[in-house]
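Under my numbering, the very last position in the sequence shown is 764; numbers go up by exactly one each time.
Beta carbons are placed, not taken as given, at the ideal position from N, Cα and C, and that holds for glycine.
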Amino acid sequence: MDITLLGHIEAVAGRAAQIAPSRFQGFVAQRTSQRGDHLGGEHRDIFDDVTLSLEEIARAPKALLHDHLDGGLRPATIIDLANEIGHTLPANDPEALGHWFAEAANSGSLERYLETFAHTVAVMQTPESLRRVAAECALDLAADGVVYAEVRYAPEQHLTNGLTLPQVVEAVQVGFAEGSALAAEAGTPIRIGTLLTAMRHAARSMEIAELAITYRDHGVVGFDIAGAEAGYPPTRHLDAFEYLKRENYHFTIHAGEAFGLPSIWQALQWCGADRLGHGVRIVDDITSDGRLGRLAAYVRDKRVPLELCPSSNVQTGAASSIAEHPIKLLRDLRFRVTVNTDNRLMSGTSMSREMFLLSEAFDWGWSELQWFTINAMKSAFIPFDERLAIINEIIKPAYAKLL
């Protein structure tokens with residue numbers, strides 16, 4: 362481990378933490394003025410009925426648990442990095458390239474969807490590129506009103522040019538620290554924790570789990586496995602999960618996105634996952650009149666967080682549309698539901714856009730958005746007191762002026 366580099370990470374992160382999180386004060390004052398706190402309760406109800414705009418939602422605090430680093434690059438950055446290494450892209454204009462990514466992701470072709478990651482991963486093979494992508498990720502999320510984010514990536518995907526696993530992690534951590542510091546200086550502070558992901562089809566999960574433990578005190582807050590569910594059950598990686606449990610470490614598992622209830626059952630009962638990455642297929646264990654099967658009841662009653670990603674779920678066929686997404690049913694049944702982005706580039710989305718689409722589809726207002734935000738923060742992989750501080754000092758004060 363490079364102690365000098367880790368010292369740099371901690372110094373930059375410390376500088377960001379010293380900047381007061383006052384970003385929402387102007388927005389809160391503006392909305393309070395629009396509502397008129399001196400008016401009676403009936404006027405508050407009228408205000409709550411006002412349709413929320415994307416711009417308003419972008420300025421409210423949000424928490425994000427499921428976002429892939431290699432699925433959120435800026436198109437212009439992909440072009441810059443590709444030109445540096447001579448990598449051929451399907452388009453060389455940022456707008457055209459962004460459209461290509463969205464069209465490929467929406468095509469219904471798994472082959473085309475996977476091709477999108479071939480391009481993003483290809484340009485993330487050096488310390489400089491990883492550092493830049495991570496810094497821009499922090500800035501983009503902060504500008505979107507995200508105050509806490511957990512961003513995941515698979516270190517094993519970034520070794521093509523000879524980097525070691527620790528070098529990958531340290532480059533990403535430096536980038537996030539620098540991006541967070543710049544965001545704080547701009548008045549949009551954000552805290553980012555990273556999850557190290559192991560690929561389900563590979564055999565490096567134990568190695569990645571050990572890597573996560575090595576960096577647990579340097580910004581790596583959790584572990585994940587990702588990749589095709591069918592044919593690659595989470596039980597293939599039991600040794601890694603048993604090791605993490607012995608180390609008292611947090612992990613989530615991509616489950617219940619494509620493969621259904623068996624994937625969820627294994628993730629929870631065999632592997633001991635703290636959260637479910639997606640988990641949307643838990644609705645297969647709920648009857649049309651809202652009765653829960655034993656697995657669904659377990660997930661709800663144990664308050665297992667569901668990392669739902671509405672736009673991505675529509676792209677992968679887990680839901681036919683945002684309006685038909687089971688997130689409303691799951692919220693009504695009081696599951697621990699969170700809203701997430703998954704792959705911002707491929708879905709052409711952001712946290713604010715996901716919230717806006719749900720607000721439009723289900724006529725949700727500030728109270729629902731606050732509910733999702735607090736759910737996410739309650740479910741974060743950072744210490745309990747630190748979660749509470751973000752909820753009580755940032756999220757609740759901002760939404761209290763909006764409700």
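query, result
"Could you check where the alpha helix (DSSP H) with residue 463 kicks off and where it finishes?", "455-466"
"Can you say whether residue 663 is buried or exposed, counting buried as having 16 or more other CB atoms within 10 angstroms of its CB?", "exposed"
"Could you tell me the distance, in whole angstroms, from the CA atom of residue 715 to the CA atom of residue 702?", "7 Å"
"Using the rule of at least 16 other Cβ atoms within 10 Å of the residue's Cβ for burial, across every protein chain shown, is residue 687 buried or exposed?", "buried"
"How would you write the range of the beta strand (DSSP E) that residue 644 sits in, first residue to last?", "Careful: residue 644 lies outside any beta strand (DSSP E) and carries neither H nor E."
"Report all residues from its chain with a CB closer than 7 Å to the CB of residue 754; omit the five preceding and five following residues, and keep chain order.", "none"
"Is it a yes or a no for the segment 440-456 touching the segment 478-496, going by three-plus beta-carbon pairs under 8 Å?", "yes"
"Which of helix, strand or coil does DSSP assign to residue 607?", "helix"
"Measure the C-alpha to C-alpha separation of residue 470 and residue 516 and round it to an integer number of angstroms.", "26 Å"
"Would you check if the distance between the CB atom of residue 475 and the CB atom of residue 717 is smaller than 7 Å?", "no"
"For a quick check, are the C-beta atoms of residue 598 and residue 618 less than 7 Å apart?", "no"
"Can the beta-carbon of residue 552 be found closer than 7 Å to that of residue 509?", "yes"
"Determine the closest residue to residue 669 out of 594, 698, 607, with distance taken between C-alpha atoms.", "698"
"Have a look at 637, 719, 672 and flag the residue whose alpha-carbon is nearest the alpha-carbon of residue 659.", "637"
"Locate the beta strand (DSSP E) running through residue 559, then write down its first and last residues.", "552-560"
"Answer yes or no: do residue 498 and residue 433 have a C-beta to C-beta separation smaller than 7 Å?", "yes"
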